[in-house]
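Okay, so the sequence shown: first residue is 53 according to this note's numbering, each after it adds one. By construction, the Cβ of each residue, glycine as well, lies at the ideal position given by its N, Cα and C atoms. Quick caveat, the model's predicted, so the values are computed rather than measured. Encoded as structure tokens, the structure appears first; notes follow it.
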Amino acid sequence: MDDRSFYERWGRWLILLIIAIPLYIWSWNVTEIDIPTLISGAPKAIPIMSDLLHPSLFARGEQIQLASARVVVPCDPNVVPPIEPQDTGDPVIQLSSYCLDAKDPVTVTGANFRPNTEGRLYWRMAGSEGRLRDERFTTDAQGAFTVETDTPALLADNPGKHQLQAETKWESGRLAPTEALTTTINKMIETIFLALMATTFASIIAVPVSFLGARNLMPYTPLGNTVYYVTRTIFNVTRSI
């Protein structure tokens, strides 16, 4: 290997490196990666990964208990705080504070739930139907639980009275296919039919057009060459797409 080829090779790598470093710096700033938060929040990803790796194909029917409490985020002294829920015998949750700022710790206490049942906390933003998943919990023999969590920073972007929900679920009834299984099967069948229809319509168009792109069939005339090369170009473009 001569010196010229050596320097050319390393010169190309150097140019790529000069271009890549600013791109990575820019990408890091745009995505606002927070390493401490990623590390501290890693345990919350374990249930999600478990659900992805072990999907439920069959399940029994579910019964649900739900209790909620309103909370002001961010804390505003001019806003009347929500009334603390009272224990009336139905499932209820109470918070250590009903006026919170982003990332403030809060202790959630629940009572009158189904004993020894797994549940989860959800945050529902004001004016939104979506929910933010939070900590999991398991009720004790008396149907009570206590869990500590943090106020999601996302709630502060939409000031107002938000809702914290505690939900417990348990199986009941006969075993039946899950929604994920039925949806997957339906989409698989739909994909097969889409492929069938696409192949059929493509064949109807491709068979006659293929003669125009055959070199041994097109005459060596200005018109024949033009049709041939235009057709071949269209074939190449559609294949690349």
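query	result
Would you tell me roughly how many angstroms separate the C-alpha atoms of residue 222 and residue 255, rounded to the nearest one?	52 Å
Grouping DSSP H, G and I as helix and E and B as strand, with all else coil, what is residue 202?	strand
Is there contact between the segment 162-176 and the segment 189-203, where contact requires at least three CB pairs shorter than 8 Å?	yes
For residue 109, name the three-state secondary structure that DSSP assigns.	coil
For my contact list, residue 196 and residue 162 are in at a C-beta cut-off of 8 Å; report their separation, rounded to the angstrom.	6 Å
Could you name each continuous beta strand (DSSP E) segment of 3 residues or more that falls completely within the segment 71-157, going from the start of the chain to the end?	110-125, 144-147
Please classify residue 106 as buried or exposed, where buried requires at least 16 other C-beta atoms within 10 Å of its C-beta.	exposed
Would you call the segment 244-253 in contact with the segment 142-159, where contact means no fewer than 3 C-beta pairs closer than 8 Å?	no
Along the chain, where does the beta strand (DSSP E) that runs through residue 174 open and close?	170-176
Could you work out which residue in 69, 179, 206 is closest to residue 185 when comparing CA atoms only?	206
Start and end of the alpha helix (DSSP H) containing residue 274?	274-292
Find the nearest neighbour of residue 201 within the set 262, 153, 291, judged by alpha-carbon distance.	153
Terminal residues of the continuous beta strand (DSSP E) containing residue 218?	212-229
Tell me which residue opens and which closes the beta strand (DSSP E) that residue 188 is part of.	183-190
Can you check whether the CB of residue 214 is closer than 9 Å to the CB of residue 125?	yes
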